[in-house]
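Q:
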Amino acid sequence: MNSHEASNGLIDLLSKEQNFSTADELAKKMNLSSKSIYRLITRINNSEKSKGNDYLIIAERGKGIRLNNSVNKNIASIEDPINRLTPFSRRNQVLMELLYNSPKEIRISRLYDKYYVSDSVISNDEIYINNWLSKFCLKIKRFQRTMSVIGDEKAIRQAISFLFSLSGNHDLNGLFVKDSKAYKKQDSDFVYCQIQKIEKELGTVIPHPYDINIFSHILILINRYRKVGNKNINGLGTLNKEETEFVLMHEKIYHIAKEISKNIESYIGKKLLDADSYYIFEYLLSSRTVSPDTVPINTDQRVITIADDYLDLVSKFLGRKKDFTDIRNDLINHIKPMLNRIKYSLNVKNNLLKQIKSEYYEVFAAVQEATKIIEKKERIPEISNDEVGFLALYFAQSLERTLPRIRVLIMCTTGVGTAELLKVKVARSFANLDIVSVVSEREFRQIRSPDIDLVISTIPISDSKIPLVVVSAIFKNSDKQIVSDEVEKIERKKVSIY
Numbered sequence: 095m096n097s098h099e100a101s102n103g104l105i106d107l108l109s110k111e112q113n114f115s116t117a118d119e120l121a122k123k124m125n126l127s128s129k130s131i132y133r134l135i136t137r138i139n140n141s142e143k144s145k146g147n148d149y150l151i152i153a154e155r156g157k158g159i160r161l162n163n164s165v166n167k168n169i170a171s172i173e174d175p176i177n178r179l180t181p182f183s184r185r186n187q188v189l190m191e192l193l194y195n196s197p198k199e200i201r202i203s204r205l206y207d208k209y210y211v212s213d214s215v216i217s218n219d220e221i222y223i224n225n226w227l228s229k230f231c232l233k234i235k236r237f238q239r240t241m242s243v244i245g246d247e248k249a250i251r252q253a254i255s256f257l258f259s260l261s262g263n264h265d266l267n268g269l270f271v272k273d274s275k276a277y278k279k280q281d282s283d284f285v286y287c288q289i290q291k292i293e294k295e296l297g298t299v300i301p302h303p304y305d306i307n308i309f310s311h312i313l314i315l316i317n318r319y320r321k322v323g324n325k326n327i328n329g330l331g332t333l334n335k336e337e338t339e340f341v342l343m344h345e346k347i348y349h350i351a352k353e354i355s356k357n358i359e360s361y362i363g364k365k366l367l368d369a370d371s372y373y374i375f376e377y378l379l380s381s382r383t384v385s386p387d388t389v390p391i392n393t394d395q396r397v398i399t400i401a402d403d404y405l406d407l408v409s410k411f412l413g414r415k416k417d418f419t420d421i422r423n424d425l426i427n428h429i430k431p432m433l434n435r436i437k438y439s440l441n442v443k444n445n446l447l448k449q450i451k452s453e454y455y456e457v458f459a460a461v462q463e464a465t466k467i468i469e470k471k472e473r474i475p476e477i478s479n480d481e482v483g484f485l486a487l488y489f490a491q492s493l494e495r496t497l498p499r500i501r502v503l504i505m506c507t508t509g510v511g512t513a514e515l516l517k518v519k520v521a522r523s524f525a526n527l528d529i530v531s532v533v534s535e536r537e538f539r540q541i542r543s544p545d546i547d548l549v550i551s552t553i554p555i556s557d558s559k560i561p562l563v564v565v566s567a568i569f570k571n572s573d574k575q576i577v578s579d580e581v582e583k584i585e586r587k588k589v590s591i592y
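Residue numbers (our numbering): 95 to 592.
1) What are the boundary residues of the beta strand (DSSP E) that includes V502?
2) Looking at the unbroken beta strand (DSSP E) that takes in I234, where does it start and where does it end?
3) Could you please give the first and the last residue of the uninterrupted alpha helix (DSSP H) stretch that includes E345?
4) Closest to V533 by CA distance: which of R501, M505 and E585 is it?
5) Apart from the five residues on each side of it in sequence, which residues of its chain come closer than 8 Å, Cβ to Cβ, to I138?
6) Give the DSSP-derived three-state secondary structure of V532 in the structure shown.
7) Check whether the Cβ atoms of M241 and L189 lie closer than 8 Å to each other.
8) Helix, strand or coil: which one does DSSP assign to V565?
9) Would you mind working out which of E345, T512 and K517 sits nearest L503, comparing C-alpha positions?
10) On the DSSP letters alone, give me the boundaries of the alpha helix (DSSP H) that L412 sits inside.
11) Check this for me: beta carbons of I41 and R185, under 8 Å apart or not?
12) Checking 8 Å against the spacing of the C-beta atoms, do Y404 and L425 come in under that value?
13) Can you name, in chain order, every residue of its own chain whose Cβ lies under 7 Å from the Cβ of L266, other than the five neighbours on each side?
14) Tell me, to the nearest whole angstrom, how far the beta carbon of F284 is from that of V408; I am working on the premise that it is less than 8 Å.
15) Determine whether the beta carbon atoms of K198 and V322 lie at a separation below 8 Å.
16) Under the three-state reduction of DSSP, which class applies to G103: helix, strand or coil?
17) Report all residues from its chain with a CB closer than 8 Å to the CB of N434; omit the five preceding and five following residues, and keep chain order.
18) Are G158 and S115 touching if we call contact CB-CB under 8 Å?
19) How is the alpha helix (DSSP H) around R645 delimited, first residue to last?
20) Once you ignore the five residues that flank Y599 on each side, which residues in its own chain have a CB closer than 6 Å to its CB?
21) State the start and end residues of the unbroken beta strand (DSSP E) segment that holds S551.
22) Can you tell me where the alpha helix (DSSP H) with E119 in it begins and where it stops?
23) Is there a Cβ from chain D that is less than 8 Å from the Cβ of R536?
24) Can you give the Cα-Cα distance for G363 and I316, rounded to whole angstroms?
25) For the beta strand (DSSP E) containing S242, list its first residue and its last residue.
26) Exposed or buried, which one is P431 when buried takes at least 16 other CB atoms within 10 Å?
27) Is it true that the CB of K122 sits closer than 8 Å to the CB of L107?
28) Whole angstroms are fine: how far does the CA of Q449 sit from the CA of V520?
29) Rounded to the nearest angstrom, how far is the Cβ of I500 from that of D547, given a contact under 8 Å?
30) Considering only residues of the same chain and omitting the five flanking positions on each side of T374, which have a CB-CB separation below 6 Å?
31) Looking only at its chain, what residues have a beta carbon closer than 7 Å to the beta carbon of N444, apart from the 5 residues adjacent to it on each side?
32) Roughly how many angstroms lie between the CA atoms of I169 and N125, to the nearest whole one?
33) Classify L342: buried if its beta carbon has 16 or more other beta carbons within 10 angstroms, exposed otherwise.
34) Taking its Cβ as the centre, do 16 or more other Cβ atoms sit within 10 Å of D219, making it buried, or is it exposed?
35) Please return the same chain residues whose Cβ sits closer than 6 Å to the Cβ of I131, not counting the five positions on each side in sequence.
36) Can you name, in chain order, every residue of its own chain whose Cβ lies under 8 Å from the Cβ of F458, other than the five neighbours on each side?
This is the structure:
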């Protein structure tokens, strides 16, 4: 998501809210950090100010964030979102419609008239779409003024699932509340009910992102049958000998999958193919459904070996004594369904991947290097960066738990009065800071070899050997952002060396 899309997304979101929303609530809905929300607000408001307008977004302490009702005229474009679509978004929408209707032919006018684009744009889109589909061994069939997607049913669903993951929806309770052609509120409620049934049968909670993975698969299944019916769904055969034997090893989970299939048949009024029960079974096997505090007694020794190899290799590549044993059970419980996902070519999109690579680049690189060795040793097919990112998070969390706190000095001209006020405000805003002392400029210059990570000062010091940020004594929101950015840099450095 680029900054333009993010800004429009935030405005769209706020335009639907009647009351104030907190930054955390908005961040969760947009899959961003709270800091990113505040940066977007600053960018949007500065843009409006440069045009001579009032701030478009209001942020009030103790209340939250909302649109400025007096300047709602500035967001008239929200009422026509189609005209604001980027080429990326337009192509994804066209792709989704083609995939859902495959192998049915769709008139190009039906696909494109609403976007008001030229024939050359449509031709460029077709090249892009064909290249994208080739990753799933699918292709576009063009006949006169129609288009259709041709290929194996399982590949079609994988492609739809991948597009679904790009939508950025991560809150199971909040998915698909709008009534639309592709997804309807009642479908969402039905699928959510099925997941609750699964959890009840298994006696556990299916955590994110596995809940979203199953959720999207069942929605895709429902809408595929609704669009084209079982006669037009190709490539789903009966179970082979190996699959039949595998089912017998996991009878309880397969029984649950069969029950869900019957519920879907009753809901849509159409008979599912036998293979659909098996695919639901695969998704259940590929989801983490065990307690994070324990390792099941029947866990495959191969899974434990892989987890231990990761612990040893990542510790070695990071060049530190830490053995990461605190995450061993978590890692074992994650790797078991991960291997199933790889076996069945089930993609779980990691929407935090970009942030993980940025914030924990050394950890990600170490896990990536360990993965290459383990793939070769265990003869595992290539593990995607999405999966590497999930694994890296466990190691990053372990490092964060043992990360030393940041030691801070508060400084002003005299070291009294304003500095004491600043100390109180900083302590209230940042729980992870240890404020060692409040000093004057003179006292600061006399300190020798201080064990300090950051100086928060009301006066500039050009020759400070310690990272220093200058803020006002009243510690405004803009000052908090400056300190927050610097603290983030220090934390990142500590993670990389600790």
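No residue lacks a Cβ here, since even glycine has one placed at the ideal position from N, Cα and C.
A: Let's see:
1) Here the beta strand (DSSP E) through V502 covers I500 to C506.
2) Note, I234: beta strand (DSSP E), K233 to F237.
3) Looking at the DSSP string, the run of the alpha helix (DSSP H) that includes E345 is E345 to I362.
4) Among R501, M505 and E585, the Cα nearest to that of V533 belongs to M505.
5) The answer, listed in chain order, is S101, L104, I105, L150 and I151.
6) Strand at V532.
7) Inclusion of M241 and L189 in the CB contact set at 8 Å is not warranted, their separation being larger than that value.
8) DSSP places V565 in coil when its eight states are reduced to three.
9) If we check each option's Cα against that of L503, K517 comes out closest.
10) Q395 to L412 is the span of the alpha helix (DSSP H), which, as asked, contains L412.
11) Residue coverage of the chain in this structure runs from 95 to 592, which leaves residue 41 outside it and unanswerable.
12) A contact, by the Cβ cut-off of 8 Å.
13) With a pLDDT of 42 at L266, under the threshold of 50, the modelled position of that residue is not reliable, and the figure given next carries that caveat. Only Y286, D305, I306 and F309 meet the Cβ criterion.
14) At roughly 42 Å, the Cβ-Cβ gap does not stay under 8 Å, so F284 and V408 are not in contact.
15) Yes.
16) Note: G103 maps to helix in three-state DSSP.
17) Answer for N434: E376, L379, S380 and L440, listed in chain order.
18) In terms of Cβ geometry, G158 and S115 form a close pair [threshold 8 Å].
19) Absent from the structure is residue 645, since the part of the chain shown begins at 95 and ends at 592.
20) No statement about residue 599 is possible, as the shown extent of the chain runs from 95 to 592 and does not include it.
21) Where S551 is concerned, the enclosing beta strand (DSSP E) stretches over L548 to S551.
22) Counted as a single uninterrupted DSSP element, the alpha helix (DSSP H) harbouring E119 occupies residues A117 to M124.
23) Absence of chain D from the displayed structure is noted, only one protein chain being present.
24) Near 10 Å, if we compare the C-alpha coordinates of I316 and G363.
25) Taken as a continuous stretch (DSSP letters only), the beta strand (DSSP E) holding S242 covers T240 to I244.
26) Answer is buried; the Cβ neighbour count reaches 16.
27) Annotated as distal: L107 and K122, with beta-carbon spacing of 8 Å or more.
28) Straight-line Cα distance between these residues: approximately 26 Å.
29) For a cut-off of 8 Å, the C-beta gap from I500 to D547 is around 5 Å, short enough to register as a contact.
30) A small correction: the amino acid at residue 374 is Ile; Thr does not occupy that position in the sequence shown. Within the same chain, I374 has close Cβ partners A351 and I354.
31) So the list reads D480, G483 and F484, once near-sequence residues are dropped.
32) Unreliable placement is indicated for I169, whose pLDDT of 42 sits below 50; the coordinate value is still reported in the next sentence. Distance between the alpha carbons of I169 and N125: 22 Å.
33) Using a 10 angstroms sphere on the CB of L342, the tally of other CB atoms stays under 16, which defines it as exposed.
34) By the C-beta density criterion, D219 is buried, having at least 16 other C-beta atoms within 10 angstroms.
35) Cβ within range, chain order: A117, L120 and A121.
36) Excluding positions up to five away in sequence, the list reads I450, K451, V482, G483 and A486.
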